[in-house]
Amino acid sequence: MSDKNNSVRPELVEGWIDVCSINDLIPNSGICALVEQQQVAIFYMPEDNAIYAINNYDPFSNINVLSRGLIGDIKGEPMVSSPIYKQHFSLKTGVCLDDESVKVNAYAIRIEGDRVEVNLEEAA
Amino acid sequence: MSNTQTLIVIGNGMVGQNFLVSLTASDIKDNFNIITFCEEAIPAYDRVHLSEYFAGKSADELSLVEEGFFDNNNITIHMGDKAVSINRDNKTVTSDKGLVIAYDKLVLATGSSAFVPPIPGHDRDGCIPYRTIEDLDQMMTAAKDSKVGAVFGGGLLGLEAAKALQDLNLETHVVQFAPRLMAAQLDDGGALLLKQKIEDLGVSVLTSKNTTQIVDGETCKHKMIFADGGELETDMILYSAGIRPRDEIASACGLKIADRGGVVIDNQCLTSDDDIYAIGECASWNDQIFGLVAPGYAMARTVVDQLAGGDEKFTGADMSTKLKLNGVDVASIGDPHATAPGSLVYTYQNGVDGVYKRIVVSQDNKHLLGAVLVGDASGYPTLLQYYLNGIDLPEHPDSLILPSRSDESVGLGPDALPSGAQICSCYDVSKGDICTSIENGCTTLGALKDETKAATGCGGCAALLKSVLDCELEKAGMEVNTDICEHFPYTRQDLYNLIMVEEIKSFSELLDKHGSGKGCEICKQAVGSILASYWNEYVLKNEHIGLQDTNDTFLANVQKDGTYSVVPRMTGGEVSPEGLIAIGQIAKKYGLYTKVTGGQRVDMFGARVDQLPLIWQELIDAGFESGHAYGKSLRTVKSCVGSTWCRFGVDDSVGLAVELENRYKGLRAPHKIKFAVSGCTRECAEAQSKDIGVIAVEGGWNLYVCGNGGMKPRHGDLFATNLDKETLIKYIDRVLTFYVRTADRLQRTSVWMENMEGGLDYLKSVVIDDKLAICDQLETQMEHVVKTYQCEWKTTIEDENKLKRFRHFVNSDSKDENIVFVEERGQIRPANIEERELAQAENA
Ligand code: SRM
Ligand SMILES: Cc1cc2nc3c(=O)[nH]c(=O)nc-3n(C[C@H](O)[C@H](O)[C@H](O)COP(=O)(O)OP(=O)(O)OC[C@H]3O[C@@H](n4cnc5c(N)ncnc54)[C@H](O)[C@@H]3O)c2cc1C
Ligand code: SF4
Ligand code: FES
Chain A
0 MSDKNNSVRP
10 ELVEGWIDVC
20 SINDLIPNSG
30 ICALVEQQQV
40 AIFYMPEDNA
50 IYAINNYDPF
60 SNINVLSRGL
70 IGDIKGEPMV
80 SSPIYKQHFS
90 LKTGVCLDDE
100 SVKVNAYAIR
110 IEGDRVEVNL
120 EEAA
Chain B
0 MSNTQTLIVI
10 GNGMVGQNFL
20 VSLTASDIKD
30 NFNIITFCEE
40 AIPAYDRVHL
50 SEYFAGKSAD
60 ELSLVEEGFF
70 DNNNITIHMG
80 DKAVSINRDN
90 KTVTSDKGLV
100 IAYDKLVLAT
110 GSSAFVPPIP
120 GHDRDGCIPY
130 RTIEDLDQMM
140 TAAKDSKVGA
150 VFGGGLLGLE
160 AAKALQDLNL
170 ETHVVQFAPR
180 LMAAQLDDGG
190 ALLLKQKIED
200 LGVSVLTSKN
210 TTQIVDGETC
220 KHKMIFADGG
230 ELETDMILYS
240 AGIRPRDEIA
250 SACGLKIADR
260 GGVVIDNQCL
270 TSDDDIYAIG
280 ECASWNDQIF
290 GLVAPGYAMA
300 RTVVDQLAGG
310 DEKFTGADMS
320 TKLKLNGVDV
330 ASIGDPHATA
340 PGSLVYTYQN
350 GVDGVYKRIV
360 VSQDNKHLLG
370 AVLVGDASGY
380 PTLLQYYLNG
390 IDLPEHPDSL
400 ILPSRSDESV
410 GLGPDALPSG
420 AQICSCYDVS
430 KGDICTSIEN
440 GCTTLGALKD
450 ETKAATGCGG
460 CAALLKSVLD
470 CELEKAGMEV
480 NTDICEHFPY
490 TRQDLYNLIM
500 VEEIKSFSEL
510 LDKHGSGKGC
520 EICKQAVGSI
530 LASYWNEYVL
540 KNEHIGLQDT
550 NDTFLANVQK
560 DGTYSVVPRM
570 TGGEVSPEGL
580 IAIGQIAKKY
590 GLYTKVTGGQ
600 RVDMFGARVD
610 QLPLIWQELI
620 DAGFESGHAY
630 GKSLRTVKSC
640 VGSTWCRFGV
650 DDSVGLAVEL
660 ENRYKGLRAP
670 HKIKFAVSGC
680 TRECAEAQSK
690 DIGVIAVEGG
700 WNLYVCGNGG
710 MKPRHGDLFA
720 TNLDKETLIK
730 YIDRVLTFYV
740 RTADRLQRTS
750 VWMENMEGGL
760 DYLKSVVIDD
770 KLAICDQLET
780 QMEHVVKTYQ
790 CEWKTTIEDE
800 NKLKRFRHFV
810 NSDSKDENIV
820 FVEERGQIRP
830 ANIEERELAQ
840 AENA
């Protein structure tokens with residue numbers, strides 16, 4: 000699977016929801032969107048032309064803050080570090096890299112024109 | 000294997016469990032079908048740290064048994080079942096619940112019980128031994144309707160029990176039979192000082208008291224009656240006057256028992272029956288019972304080795320001890336009573352600081368035989384090594400206990416220790432073992448602990464372990480990995496120099512030139528901080544925003560519920576009535592919790608991200624600025640009221656504090672920086688506990704540096720005296736810039752100083768004598784920071800684009816439903832999870 004730009008995803012898949020404009024994205028950082036009552040953390044890495052979506056809920060501190068963590072990579076795996084207790088979560092799968100028994104949902108996300116779309120049904 | 004033998008272990012206490020762990024980790028584990036009886040309701044737990052149960056440690060946290068241990072190792076454990084008899088002819092064990100199991104080998108690990116005096120009334124309600132978790136549960140119940148508690152016994156454990164009673168808020172008495180506390184370990188002088196210190200903690204100490212009976216009390220539930228006619232009224236009694244080995248089933252089956260109790264064992268830990276071993280506190284070796292856990296572990300190791308056909312021997316154990324009770328340091332080594340013929344004694348007594356030290360040395364003044372330390376036990380590890388390893392004493396042995404008045408240290412470097420020196424007594428790890436592991440690649444403390452288990456028991460040897468590690472690494476010239484993280488093969492200091500020399504202005508430029516990957520929270524924050532220290536640009540500039548963790552991103556401190564706190568600057572702790580009113584009004588309007596901080600200003604808690612700009616707009620309108628409580632930067636300059644109002648004030652401490660805070664505000668550093676200024680040597684501003692401390696004296700200002708009040712308090716070092724203001728500021732500029740340039744990430748000035756080669760003298764030579772000829776640079780750099788200061792909140796509020804970030808949802812004005820407050824003492828606080836769920840259910 001390519002971890003590059005998700006906008007190459009086939010149009011055919013159902014369930015894409017319009018979330019925000021690409022101008023709302025903050026390069027190398029995160030924002031949070033409300034998608035059908037789910038809090039979705041969205042991260043943008045312009046150098047890689049990559050965009051990721053995972054659930055905003057931090058299972059270690061039990062609060063909605065993952066979108067406010069620092070992002071980067073651990074051994075090549077793109078990750079966000081929780082701003083509260085610093086655990087790392089894979090941006091691709093939502094799996095916690097420090098404790099693989101813990102996972103948050105990861106969602107499919109893509110850019111269509113100048114809009115950002117999330118698909119809650121399809122895991123990224 | 001077909002010839003598996005059945006091995007039964009009676010008792011699953013600390014030593015029994017340690018034996019099982021060693022056995023299952025050994026090569027012979029498959030030779031045995033292992034069965035153990037556990038009388039208590041829960042499997043082995045850490046009795047040594049039992050008293051922490053009062054401080055909130057749970058039974059789970061005290062457990063010594065890893066999850067799945069018994070299952071994974073095919074050990075059958077009979078919980079809550081006690082072995083009641085042994086038939087040595089048939090080689091069977093019978094249990095309370097009626098099991099009869101045949102054994103090939105038997106290990107007794109039945110431990111001991113607290114000694115309860117056989118006097119009339121000893122078993123009245125609320126008279127409890129101090130040994131098991133169950134005892135502690137009973138104590139807590141009894142304490143609920145008690146006001147006064149007494150401990151029977153003034154030894155090590157008795158004093159620990161007294162602390163437990165105090166923690167339960169009881170008026171506490173220690174009743175000691177002997178004429179002094181800790182009679183076995185201390186001499187008269189040491190014991191007397193200890194008594195004073197224990198009394199200073201509010202515990203009454205009665206010595207030479209022979210309790211003859213316990214009867215109904217008049218003002219309390221019980222009355223202890225003493226042989227000398229005295230009496231003591233108390234609601235509960237804890238027995239902690241020594242231990243009695245649990246040798247009952249051993250003696251019933253005819254095993255040899257020592258005169259003073261305990262199952263007799265030889266050097267192989269064998270009892271008088273060749274198939275039965277005894278280990279731990281139930282065993283008597285050479286007529287000695289060892290009431291400590293380390294000797295028990297050594298016995299367990301011996302038996303595992305014996306079973307494997309080895310020839311390891313148990314040859315006794317050292318009983319030196321160190322104790323810390325509410326901050327009273329006590330330690331005893333070897334023979335403190337100087338019983339060896341011709342032994343010499345040195346004593347140091349300091350009535351002012353409450354310190355007593357005594358060493359006992361051999362007739363030829365060469366070897367340490369014993370020691371007692373009360374009030375300051377910092378010399379314990381060094382003295383213990385002299386004692387255990389028979390190292391030659393320095394020419395004047397008293398230098399080991401006299402306070403060092405110069406900078407030279409008389410400590411024994413780890414290099415001086417022979418390779419057989421025992422570093423960790425809990426797990427019997429020698430310096431040689433540690434060096435081997437280091438050579439095999441354990442070059443961090445964590446790896447060493449995993450590999451050797453050293454420092455994972457009582458933890459008392461951790462400092463020594465670290466110094467051995469450091470010393471060995473240094474000696475081997477071994478590469479210690481100091482890379483900041485996987486993305487940069489450099490230290491923070493290297494990165495600082497690269498940024499400075501190559502004039503690098505952004506993280507991506509640095510990563511391109513010198514790093515790899517995308518970065519992580521460690522390098523990004525560190526580089527963000529360096530760029531801010533050096534260039535002092537707005538931290539939320541587009542190219543820097545990704546380097547900020549949530550506090551710097553939102554210019555506020557995140558709290559446990561995801562809301563933020565707001566701390567406006569109050570230079571020197573000074574605030575006008577109008578300012579206070581404005582803060583009060585703003586807090587009220589936004590429903591914030593308010594508190595005066597430890598840094599002399601007001602903190603407002605419970606603001607949602609979307610409220611932060613609104614709140615700050617109002618604060619700025621009222622004349623406030625960012626307090627940088629969120630940044631690794633200058634926090635506060637505390638002040639005392641000083642000469643303006645105080646009748647003792649020598650100079651205007653508030654004025655100077657305000658000036659200093661205004662000068663250095665906004666300065667980003669490897670860690671936070673705190674200052675204080677006091678108006679005279681009474682030191683009401685506690686300047687000596689700050690990174691930078693200033694005290695007014697007749698001749699000018701005295702400057703202290705590198706103090707800390709946090710995790711590991713450190714008094715600041717007196718750096719220069721009688722300075723005029725101009726010189727003072729010049730020195731501070733230089734010290735701070737030098738710190739910013741050379742410290743490690745997240746290193747406070749205190750730790751920076753402790754790690755600096757050459758220490759205070761070196762720093763003085765750089766800052767005062769300009770030894771490196773960089774003082775001009777240091778001052779210029781600080782001048783740049785001072786000139787480019789901006790209130791980050793003001794800049795942010797004026798920028799439409801930046802404000803967009805301050806929404807919880809990019810696509811909705813909804814609030815985060817997880818943020819729920821409840822009321823406490825008339826203000827809000829974050830709801831706990833149950834309260835939160837309740838509130839959400841009500842809303843749904
Ligand atoms: C609010 C305050 C407690 C209070 O209600 O009084 C506080 C609160 C926090 N302190 Fe503190 N400290 C506060 C005064 C202190 C003091 C007292 C002082 O400044 O005189 C100390 C000891 C002095 C010192 O630092 O040497 C102190 C030593 C620490 C430490 C230990 C630092 C160390 O080097 O050992 C930490 C942990 C750290 O920084 O790594 C810490 C960390 C924290 C953090 C940031 C922990 C966190 O990450 O959530 C707390 C959140 C701040 C916030 O606003 O939400 N706080 N903290 C005080 C804010 C002072 C201010 O006005 O800015
Ligand atoms: C409050 C307190 C503080 C202490 N502090 C320290 C310290 O700082 N440093 C130090 O080195 N030591 C300390 N000790 C001593 C240390 O806890 C003991 O040395 C250690 O627990 C001995 O281990 P053991 O296995 O021999 O005995 P125990 O841990 O007592 O275990 C024996 C177990 O066997 C069980 N048992 C007995 N008979 C039978 C039977 N017939 N059938 C089945 N089970 C049976 C008992 O119920 C018990 O669970 C402290 C002790 C206490 C109580
Ligand atoms: S330190 Fe001195 S000047 Fe300042 S308040 Fe205390 S007594 Fe007064
Ligand atoms: S001496 Fe107890 S852990 Fe090392």
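Protein chains in written order, with numbering that gives the first Met the number 0: chain A, 0 to 123; chain B, 0 to 843.
Each residue gets a CB set at the ideal place from its N, CA and C atoms; glycine is no exception.
Contacts with chain B at 9 Å (Cβ-Cβ) do not include residue 108(A). For residue 44(A), the enclosing beta strand (DSSP E) starts and ends at 37-44. Straight-line measurement puts the Cα of residue 703(B) at about 23 Å from the Cα of residue 630(B). Across the set 438(B), 2(B), 605(B) and 789(B), the C-alpha of 605(B) shows the shortest separation from the C-alpha of residue 587(B).
Residue-level contact by beta carbon fails for residue 746(B) and chain A, as no gap is shorter than 9 Å. By the Cβ neighbour-count rule, residue 424(B) is buried, with 16 or more other Cβ atoms within 10 Å of its own. Among the residues of chain A, those whose CB is under 7 Å from the CB of residue 808(B) are 31, 32 and 33, following chain order. With a cut-off of 8 Å, the C-beta of residue 281(B) is classified as near ligand 2, since at least one heavy atom of the ligand falls inside that distance. For residue 393(B), DSSP records no beta bridge to any residue.
In chain order, 71, 72, 73, 74 and 75 make up the part of chain A whose C-beta sits under 9 Å from the C-beta of residue 516(B). Between the beta-carbon of residue 243(B) and that of residue 111(B) there is about 6 Å, and that keeps the pair under the 8 Å contact cut.
Counting only runs of at least 3 residues, the stretch 761-834 of chain B fully encloses the following beta strand (DSSP E) elements, listed from N- to C-terminal order: 820-823 and 826-829.
With contacts defined by Cβ atoms closer than 9 Å, residue 23(A) and residue 116(A) do not form a contacting pair.
Counting the other CB atoms within 10 Å of its CB gives residue 21(A) a total below 16, which places it among the exposed residues. In this structure, residue 69(A) lies away from residue 54(A), with their beta-carbon atoms at least 9 Å apart.
Per the coordinates, the alpha-carbon of residue 142(B) lies some 10 Å from the alpha-carbon of residue 236(B). The alpha-carbon of residue 502(B) is positioned some 35 Å away from that of residue 40(A).
Within the model, the alpha-carbon separation for residue 517(B) versus residue 607(B) is close to 30 Å. Residues of the stretch 557-579 of chain B with a Cβ closer than 8 Å to any Cβ of chain A, in chain order: 557, 559, 560 and 561.
Residue nearest to residue 648(B) within the set 699(B), 670(B), 622(B) and 659(B) is 699(B) (criterion: CA-CA distance).
Beta bridge pairing from DSSP links residue 702(B) with 693(B) and 719(B). Rounded to the nearest whole angstrom, the CA to CA distance from residue 430(B) to residue 417(B) is 7 Å. For residue 593(B), the enclosing beta strand (DSSP E) stretches over residues 592-595. Fully contained in the stretch 169-204 of chain B are the following alpha helix (DSSP H) runs of length 4 or more, in chain order: 187-199. If you look at residue 737(B), you'll find it isn't in any beta strand (DSSP E); it sits in the alpha helix (DSSP H) that goes 724-741.
Membership of residue 109(A) in any alpha helix (DSSP H) is not indicated; the residue belongs instead to the beta strand (DSSP E) covering 105-111. Non-local C-beta neighbours of residue 58(B) in its own chain, meaning closer than 8 Å and more than five positions away in sequence, comprise 41, 44, 52 and 132, ordered along the chain. Taking 8 Å as the cut-off, one finds no heavy atom of ligand 2 near enough to the beta carbon of residue 93(B). Residue 26(A) has a beta carbon lying within less than 9 Å of a beta carbon in chain B. Proximity of chain A to residue 523(B) at the Cβ level (cut-off 8 Å) is accounted for by 69 and 71, in chain order. Pairing residue 440(B) with residue 33(B), the inter-Cα distance amounts to about 35 Å. Annotation: Cβ neighbours of residue 549(B) in chain A (cutoff 9 Å, chain order): 64, 67, 68, 69, 82 and 83. Residue 527(B) sits buried, since 16 or more C-beta atoms from the chains shown fall within 10 Å of its C-beta.
The DSSP-derived three-state label of residue 662(B) is helix. For a Cβ distance threshold of 9 Å, residue set 25, 28 and 30 of chain A lies close to residue 804(B), ordered along the chain. Annotated three-state conformation of residue 644(B) is coil, per DSSP.
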